[in-house]
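Mapping of the sequence shown onto mature numbering (1 follows the signal peptide of the UniProt record, and there is no 0): residues -22 to -1, 1 to 68, in sequence order.
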Amino acid sequence: MIKRSVLALFIVLLFSSNRGGAQEVNIISGNQLNQPVQTAVPDTFPLLDLEETELDKIPDLRAQFEKLNSSYSSPATPSENLLRFLKKTR
């Protein structure tokens, strides 16, 4: 038990010492803080010119949901034989 505690403490100290070193390396000088970093990123989505007729072709999500929901059937109630079998297996 003591060996495990010492090993766990050693691992915690090892990770905490690595974090301290990483913080010292990442210090930014004052001159670099004042320079904003801006990059030009091109637009990844092309401009779409859709007409009203094309917009009407987009399916209505609510109608699709209602269609899927109406096709759902609830499971049948279990028979007495199945219920007796389940009681016996417990």
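Glycine included, each C-beta is placed from N, C-alpha and C at the ideal position. From a predicted model like this one, the values you see are computed outputs, not experimental measurements.
For residue i and residue j, I'd like the C-alpha separation in whole angstroms.
i        : j        : result
Leu60    : Glu30    : 57 Å
Ile(-12) : Arg(-19) : 10 Å
Phe63    : Lys45    : 37 Å
Glu32    : Leu25    : 15 Å
Glu58    : Lys65    : 11 Å
Please work out which residues of its chain come closer than 7 Å, Cβ to Cβ, to residue i, disregarding the five sequence neighbours upstream and downstream, and give them in chain order.
i     : result
Lys35 : none
Segments of 3+ residues assigned as beta strand (DSSP E) that fall wholly inside the segment 14 to 65: Look at the segment 14 to 65 and you find no whole run of beta strand (DSSP E) that is 3 residues long or longer.
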